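Listed in order, the protein sequences are those of chains A and B. So for the first sequence, my numbering puts the first residue at 320; every next one is plus one. So for the second sequence, my numbering puts the first residue at 68; every next one is plus one.
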Amino acid sequence: LLASQAQSARVLEQALQSLAPLYREVLVLYHFEHLKYVEIAEILALPLGTVMNRIFRARRKLREAYEALGGEP
Amino acid sequence: MNRHVPEDLLSAFVEGDLSDELAGHVAEHLDGCPRCAGRAATLDPLARAFARAVDPVPSPLLVMKVLDRAARPEPRPALEIAMGSALLAAGLGLVLLTDDLARTSIEAGRVLLSLEPLTRALAQAALGSPPIAVVLTVLSLVALGISLGAASLERPLTFASPRVRP
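See the structure below:
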């Protein structure tokens, strides 16, 4: 079980690395740096709506890459 | 948006089906509402994968090593005990050589006094550098110990003021 969890984390990391930096950036800021959406918008100097749009696209692409690499949901 | 986000709106948000403007409003609410943010996280298909990645699982080998190490008894600090005993013996030896220690201490005091300009310069340097300050503090404590030792042994001081017999 421990090994499969570690494997899953590795696949997620691979999937993240396969994303364009533009998309990887927002996901890392939200899921790993634990920033708020508003803070990410401030850092990137973009309107909140634009940031949310980018995050949704990024999530969709990450999901596709994760499943393509055989990651468990 | 003060009330919690309804389930269908939250689902649409997670799936990215909302307009940018509405998604922005929901995002602002989630930023300030841990409850809704938690609900949104559970709706994310990759929520579990993210949780596992954020809280990485230690390798089975590491777990086994830690458990093995914890099961073994704590080794006795033999080296520390030996060094402590040696220092204690050296201290006792010095105390037994009282006259010599008194003489040595007073000479050391004189040397320290003659080095006063140097110590003043070092103190100035210490103001800008914590490591130097630590070293100087230790040296000062040693010097203080020597001075106190000398003071406690000073009673006869026969070598400094020879008595003149009438």
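For glycine and all other residues, C-beta sits at the position ideal for the given N, C-alpha and C. This one's a predicted model, so the numbers in the text were calculated from it and none came from an experiment.
Let's test the definition: count the other Cβ atoms within 10 Å of the Cβ of residue i and tell me whether it reaches 16, buried, or not, exposed.
{"i": "Phe351(A)", "result": "exposed"}
{"i": "Met371(A)", "result": "buried"}
{"i": "Arg403(A)", "result": "Past the edges of chain A, shown from 320 to 392, lies residue 403(A), and the structure says nothing about it."}
{"i": "His96(B)", "result": "buried"}
{"i": "Gly91(B)", "result": "buried"}
{"i": "Leu180(B)", "result": "exposed"}
{"i": "Ser327(A)", "result": "buried"}
{"i": "Ala387(A)", "result": "exposed"}
{"i": "Ala137(B)", "result": "exposed"}
{"i": "Leu346(A)", "result": "buried"}
{"i": "Ile359(A)", "result": "buried"}
{"i": "Ala107(B)", "result": "buried"}
{"i": "Leu208(B)", "result": "exposed"}
{"i": "Leu211(B)", "result": "exposed"}
{"i": "Leu224(B)", "result": "With a pLDDT of 45 at Leu224(B), under the threshold of 50, the predicted position of this residue should be treated as unreliable, and no value is reported."}
{"i": "Leu206(B)", "result": "exposed"}
{"i": "Leu134(B)", "result": "exposed"}
Flag this pair as yes or no: are the beta carbons of residue i and residue j separated by less than 9 Å?
{"i": "Gln333(A)", "j": "Arg119(B)", "result": "no"}
{"i": "Glu377(A)", "j": "Leu331(A)", "result": "The question names Glu, yet the displayed sequence has Ala at residue 377(A). The answer is no: Cβ separation not under 9 Å."}
{"i": "Leu341(A)", "j": "Leu348(A)", "result": "no"}
{"i": "Val242(B)", "j": "Leu110(B)", "result": "Residue numbering for chain B in the displayed model covers 68 to 233; residue 242(B) lies beyond these limits and cannot be assessed."}
{"i": "Ala304(B)", "j": "Gly389(A)", "result": "An answer regarding residue 304(B) cannot be provided, because it is not within the stretch 68 to 233 covered by chain B."}
{"i": "Glu344(A)", "j": "Leu365(A)", "result": "no"}
{"i": "Cys103(B)", "j": "Val81(B)", "result": "no"}
{"i": "Asp98(B)", "j": "Tyr385(A)", "result": "no"}
{"i": "Gly368(A)", "j": "Glu88(B)", "result": "yes"}
{"i": "Leu113(B)", "j": "Arg382(A)", "result": "yes"}
{"i": "Arg379(A)", "j": "Gly83(B)", "result": "yes"}
I want to verify the contact list: residues of chain A whose CB lies under 7 Å from the CB of residue i, in sequence order.
{"i": "Leu128(B)", "result": "Per Cβ cutoff of 7 Å: no residues; Leu128(B) is ~10 Å from chain A at best."}
{"i": "Gly91(B)", "result": "Leu367, Gly368, Met371"}
{"i": "Asp87(B)", "result": "Gly368, Thr369, Met371, Asn372"}
{"i": "Ala137(B)", "result": "Chain A residues near Ala137(B): none, gap ~18 Å exceeds 7 Å."}
Note down, in chain order, every chain A residue with its Cβ under 8 Å from the Cβ of residue i.
{"i": "Asp75(B)", "result": "In chain order: nothing, as chain A lies at least about 17 Å away."}
{"i": "Leu113(B)", "result": "Leu331, Arg378, Leu381, Arg382, Tyr385, Pro392"}
Just the chain B side, please: which residues come within less than 7 Å of residue i by C-beta, in chain order?
{"i": "Gly390(A)", "result": "Ala116"}
In chain E, which residues lie with their C-beta within 7 Å of the C-beta of residue i?
{"i": "Ala79(B)", "result": "Here the protein chains are A and B, and chain E is not one of them."}
Residue i touches chain A at which residues, Cβ-Cβ below 9 Å?
{"i": "Leu97(B)", "result": "Lys355, Tyr356"}
{"i": "Leu83(B)", "result": "According to the sequence provided, residue 83(B) is Gly. The question's Leu does not apply to it. Chain A residues near Gly83(B): Met371, Asn372, Ile374, Phe375, Arg376, Arg378, Arg379."}
{"i": "Ala210(B)", "result": "Going along chain A, no residue has its Cβ under 9 Å from Ala210(B), so there is no contact; the nearest lies around 51 Å."}
Near-chain B residues of the segment 333-361 of chain A - C-beta to any C-beta below 7 Å: Only those residues of the segment 333-361 of chain A whose C-beta falls short of 7 Å from the nearest C-beta of chain B are listed: His350, Phe351, Lys355, Tyr356, Val357.
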